[in-house]
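Residue numbers (the numbering used here): 478 to 619. Even for Gly, the Cβ is constructed at its ideal location relative to N, Cα and C. For reference, the structure discussed in these notes is given below.
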């Protein structure tokens, strides 16, 4: 009987220690997370900057929108003359007639309190009429 007790006491635990495996997996995870952006090709094909000739700056048509969302001024900055209308349909048609070989840019200067919807309506109408270069004027942070 004493042999039986001795044999039973010498039995080994048959469990796998998983802590080292978890450590290795976490290290591999960190390595893959760091190296993945370096291996993946870029999705965006950015233009290269070189000694390109600069085009003469074309002065834009500026549309000024007040707090109420109304176009109060539309000026062709190239000639510094008002376009004579504050209706967006007429302004878009006038901008198209002003466009020569290059597309004439339009800059929208809106009051900071104007509703986003009013600016979108102006941009949408310009796009419907075929004006391709539309920008927003902002005041630089001081």
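So, at 8 Å on beta carbons, what are the nonlocal neighbours of residue 543 in its own chain, with the 5 sequence-adjacent residues on each side left out?
For residue 543, where only same-chain residues beyond five positions count, the Cβ hits under 8 Å are 549, 588 and 591.
I'd like the list of long-range same chain contacts for residue 572, defined as Cβ closer than 7 Å, with 5 residues on each side in sequence excluded.
Correct list, in chain order: 538, 581, 583 and 608.
Inspect the beta-carbon positions of residue 620 and residue 566 and report whether they are closer than 8 Å.
Residue 620 lies beyond the residue range present for the chain, which begins at 478 and ends at 619; the question has no answer from this structure.
Is the beta carbon of residue 616 sitting closer than 8 Å to the one on residue 570?
Contact: no.
Given this structure, state the Cα-to-Cα distance separating residue 545 from residue 598, to the nearest angstrom.
Looking at the two C-alpha atoms, the distance is approximately 13 Å.
What residue does the beta strand (DSSP E) around residue 587 start on, and which one ends it?
Per DSSP, residue 587 belongs to the beta strand (DSSP E) from 583-587.
To which residues does DSSP link residue 612 through a beta bridge?
In DSSP, residue 612 forms a bridge with 584.
Rounded to the nearest angstrom, how far is the Cβ of residue 585 from that of residue 614, given a contact under 8 Å?
Sure, about 7 Å apart at Cβ, within 8 Å.
Give, in chain order, every unbroken run of the alpha helix (DSSP H) that is at least 4 residues long and sits entirely within the segment 495-520.
Fully enclosed alpha helix (DSSP H) runs of 4 or longer: 496-516.
Quick check on the DSSP output: the alpha helix (DSSP H) that includes residue 599 runs from which residue to which?
Boundaries of the alpha helix (DSSP H) around residue 599: 593-606.
Take residue 600 and list the residues in its own chain whose beta-carbon comes closer than 6 Å to its own, dropping the five residues that flank it on each side.
Here the set comprises 611.
Which of helix, strand or coil does DSSP assign to residue 491?
Coil.
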